[in-house]
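**Student:**
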Amino acid sequence: MIDFIAHNLAPIMFTSVMLMLLLGYPVAFTLAAGGLIYFVVGVELSHISSEIRLFWPLLQSHPERIYGIMYNDTLLSIPFFTLMGIILERSRMAEDLLDTIGQLFGPVRGGLAYAVILVGALLGATTGVVAASVMAMGLISLPIMLRYKYNGPLVSGTIAASGTLAQIVPPSLVLIVMADQLGRSVGDMYVGALYPALMIIAAYCLYIFAVTIIKPEWAPALPKEARTLGDGVTSLLVMIAIGTGLYFLGYHLLFTGVASAEWQLVAALAFGVVTVYVFALLNRGMKLNLISRLAQEVIIVMVPPLALIFLVLGTIFLGIATPTEGGAMGATGALIIATAKGRLNMAILKNALDATTRLSAFVMMILIGARVFGLTFYGINGNVWIEDLMLALPGGEYGFLIVVTIIVFILGCFLDFFEIAFIMVPLLVPVAQSHGIDLVWFGIILGINLQTSFLTPPFGFSLFYLRSVAPEGQWQDKVTGQMRAGIKTVDIYKGVLPFIIIQFLAIVTVISFPGLVMHYKGTPTTTDPGSIQIELPGFGSAPAPSFGQPDAGGGTAPAPSFGLPPPSFGSGPAPAPEGAAPAAPAPSLGLPPLDFGGGSPPAPAAPSAPPAAPATPDLSQPPAFN
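Each residue of the sequence shown is one higher than the one before, counting from 56 in the working numbering.
Structure, rendered in structure tokens:
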């Protein structure tokens, strides 16, 4: 029995620790306790199995490993992005966005559903926290959608799925943690996730469009009396066109003297957006009525969060700022926006700082536990066991990706994405590298997978968040005063099923078309070696010299002169071919011609005899001094 445990300690450790996590024990303490307990067991069994490489002095490495977590600059961006998201949530930005975009899409069937999806994407790009997005939209948009006779399962599914966009839309906390665990740049993860995120958002909107065609009564348009901002889409399009024109004017004329192309782009974009935004503020403040009220409110509400997104993501994509610097600018921008709207006070600031501190400490404690667990697991060759297990899967690269997708999906129903990222990802990275899988591509696949796990019944976290804010029984509409039916749990489960299917199709698409992610590498430059020409003085752009090799006409190509006068051996210049024009003298560069004297080149000197070997000293006699 002892021999069996010693030779199978890695799977026993992994299975027991995962079982404790699934039973609900605190993650950080479970990982650390499991690592220390099995460290003791491993040391005691190390004389039985040669696969166990643990000894007591190895415990002294833990302080340095923990300090290594604190030195990690990548993880510093987590509190910045968390603070930015919480400040924006407390400043009721989601409420403003849902109201304005809902009015914009109001005349369209399913307009409120489109608004929820787009606002979910914007909240994902600003808050980056699933719980905040789902609960905010559930509190704000769910009563409105039920008031205007939207289908209950469609409403709940749309809100739950849109809230999970914070998992994959940059600057997602998932992508930051994934980049750290994969050893890749956060900027590369953000750029790689851009197209898959846009594809998922478009697929959600396409599903709503299909519902409005097949079941139009499930997603009606807003009645005219509910569209308080009126019409005015044409005015909005005109303002967008003016802003675009100002951007091109700034880029091609006003800011051409800017040092770099990146800053020139930023300056021109800021010029166009700020001009339109200030005009909308003046139109509202001075009641000029030059543009419609709808266009005015859309510009005033939409520009600050979009500018904040560009401040964070745009500067990272352009290489102007690192992710940590982008997070710091985002947090500062969120404070400025909340202050400008008059919605920032000490209570909100204290609450945001407390929540940020708790989340940062939570991440740090899980990382410390994962380091303790990892030291023991690697010491008993657990990584080798995982690698051998995964490499033995049929199907090679795609077989590995399919199995990992299934495993992570199942674990995602029970564990938070932090736990999966800190426990599973470091074990899977060596196997992915053995298969030659790009790690950024692998990270995006895992990110979409974790997003899907938020929606799966019965343990999807997004379902719990929506259940906590959605009325289950009869509730009174505060606007109309009518009693309305609530949302049952089974309605939430039914509503998310189409979105789960969309998520699986997104995973299959990203696996089948890696180019959706690989564009982060840029366009490779290919050069034809045959087109390379070597330019040397005296040759111009002619091909490289042949140095005495036969030329195309059967003769011998002359040796290069490199701009120096030809050597003179006393026999005078060589006669020019008959009928040929006299050759121009080669440039002398101020040097006299080489003259060796005589009519022919001197014969090489005979090699001198090698020096005689020194005589061996007679060590029996005293040394003689001259």
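From the three backbone atoms N, C-alpha and C, an ideal C-beta is built for every residue, glycine too.
In angstroms with no decimal places, state the Cα-to-Cα distance between Ser132 and Met56.
**Tutor:** 48 angstroms
**Student:** Just to confirm the assignment, what range does the alpha helix (DSSP H) spanning Glu317 have?
**Tutor:** 316-340
**Student:** Which of the three DSSP states, helix, strand or coil, is assigned to Arg239?
**Tutor:** coil
**Student:** Just list the alpha helix (DSSP H) runs in the segment 527-551, keeping only unbroken ones of 4 residues or longer that don't cross its boundaries, in chain order.
**Tutor:** none
**Student:** Arg202 and Thr535 look like a contact to me (Cβ under 8 angstroms); what is the Cβ gap, rounded to whole Å?
**Tutor:** The Cβ separation is near 7 angstroms, so the contact holds.
**Student:** Apart from the five residues on each side of it in sequence, which residues of its chain come closer than 6 angstroms, Cβ to Cβ, to Gly454?
**Tutor:** Leu448
**Student:** Tell me, to the nearest whole angstrom, how far the beta carbon of Ile475 is from that of Val565; I am working on the premise that it is less than 8 angstroms.
**Tutor:** Between Val565 and Ile475 the Cβ distance is about 18 angstroms, and since that is not below 8 angstroms, they are no contact.
**Student:** Tell me which residue opens and which closes the alpha helix (DSSP H) that Asn504 is part of.
**Tutor:** 494-508
**Student:** Which value, in whole angstroms, describes the spacing of the CA atoms of Leu86 and Val572?
**Tutor:** The straight-line gap separating the alpha-carbon atoms of Leu86 and Val572 is approximately 33 angstroms.
**Student:** Count the other CB atoms, across all protein chains shown, that sit within 10 Å of the CB of Ile556; report buried if there are 16 or more and exposed otherwise.
**Tutor:** exposed
**Student:** Note down the Cα distance separating Ile297 from Gly285, rounded to an integer number of angstroms.
**Tutor:** 22 angstroms
**Student:** Would Gly212 and Pro553 qualify as a contact pair, given that the criterion is a beta-carbon distance under 8 angstroms?
**Tutor:** Yes, they are a contact pair.
**Student:** Distance check for Val72 and Ala216, CA to CA, integer angstroms please.
**Tutor:** Just so you know, the alpha carbons of Ala216 and Val72 end up roughly 31 angstroms apart.
**Student:** Around the C-beta of Ala316, are 16 or more other C-beta atoms found within 10 angstroms, so that it is buried, or is it exposed?
**Tutor:** exposed
**Student:** What does a CB cutoff of less than 6 angstroms around Ala636 pick up in its chain, not counting 5 residues either side in sequence?
**Tutor:** Low confidence applies here, because Ala636 scores a pLDDT of 47, under 50, leaving its location unreliable; read the following figure in that light. Excluding sequence neighbours, Ala636 sits near nothing in its chain.
**Student:** Could you check where the alpha helix (DSSP H) with Thr181 kicks off and where it finishes?
**Tutor:** 166-181
**Student:** How many whole angstroms separate the CB atoms of Leu505 and Leu349, which I take to be in contact at a CB cut-off of 8 angstroms?
**Tutor:** So it is not a contact: roughly 38 angstroms between Cβ atoms.
**Student:** Report buried or exposed for Leu74, applying the criterion of at least 16 other Cβ atoms within 10 angstroms of its Cβ.
**Tutor:** exposed
**Student:** Tell me, to the nearest whole angstrom, how far the beta carbon of Val241 is from that of Thr129; I am working on the premise that it is less than 8 angstroms.
**Tutor:** Contact flag correct, Cβ pair sits at about 6 angstroms.
**Student:** For Glu352, which residues from the same chain have a beta carbon less than 7 angstroms from its beta carbon, with the 5 sequence-adjacent residues on both sides left out?
**Tutor:** Cβ within range, chain order: Thr155, Leu284.
**Student:** Mark Trp318 as exposed unless 16 or more other C-beta atoms lie within 10 angstroms of its C-beta, in which case mark it buried.
**Tutor:** Exposed.
**Student:** Specify, as a first and last residue, the run of the alpha helix (DSSP H) that Trp440 falls within.
**Tutor:** 437-446
**Student:** Kindly list the residues whose CB is nearer than 8 angstroms to the CB of Gln529, restricted to its own chain and excluding five residues on each side of it in sequence; keep chain order.
**Tutor:** Met538, Arg539, Ala540, Gly541
**Student:** Below 6 angstroms CB to CB, which residues in the same chain sit around Pro359 once its five sequence neighbours on both sides are set aside?
**Tutor:** Cβ neighbours of Pro359 beyond the five flanking positions: Ile392.
**Student:** For Ile231 versus Ile255, is the C-beta spacing smaller than 8 angstroms?
**Tutor:** In this structure, Ile231 sits away from Ile255, with a CB-CB distance that is not shorter than 8 angstroms.
**Student:** Looking at the secondary structure, which residues open and close the alpha helix (DSSP H) in which Arg147 lies?
**Tutor:** Per DSSP, Arg147 belongs to no alpha helix (DSSP H) and is neither H nor E.
**Student:** How many angstroms separate the CA atom of Met68 from the CA atom of Val210?
**Tutor:** 44 angstroms
**Student:** Any idea if Ala395 is buried or exposed, counting beta-carbon neighbours within 10 angstroms, 16 or more meaning buried?
**Tutor:** It is exposed - the Cβ of Ala395 has fewer than 16 other Cβ atoms within 10 Å.
**Student:** Going along the chain, which residues of its own chain have a beta-carbon closer than 7 angstroms to the beta-carbon of Val376, five neighbours each way excluded?
**Tutor:** At residue 376 the sequence reads Ala, which differs from the Val that was named. Sequence-distant partners of Ala376 (beyond 5 residues in either direction) whose C-beta falls short of 7 angstroms from its own C-beta, in its chain, are Thr370, Met384.
**Student:** So the alpha helix (DSSP H) His117 belongs to, where does it begin and stop?
**Tutor:** Here the alpha helix (DSSP H) through His117 covers 117-125.
**Student:** Report yes or no: do the segment 420-429 and the segment 120-129 share at least 3 C-beta pairs separated by less than 8 angstroms?
**Tutor:** yes
**Student:** So what does DSSP say about Phe473, is it helix, strand or coil?
**Tutor:** helix
**Student:** With a CB to CB cut of under 8 angstroms and the five nearest residues on each side skipped, what residues in its chain are close to Gly608?
**Tutor:** Residue placement at Gly608 cannot be trusted, given a pLDDT of 44 that sits under 50; what the coordinates show is reported in the next sentence. Closer than 8 angstroms at the Cβ level, and outside the excluded window around Gly608, lies no residue.
**Student:** Thinking Asn436 and Ala65 are a contact (beta carbons under 8 angstroms), I'd like their distance in whole angstroms, please.
**Tutor:** 6 angstroms
**Student:** Exposed or buried, what is Tyr575 when buried is set at 16 or more other beta-carbons lying within 10 Å of its beta-carbon?
**Tutor:** The residue is buried, with at least 16 neighbouring Cβ atoms inside 10 Å.
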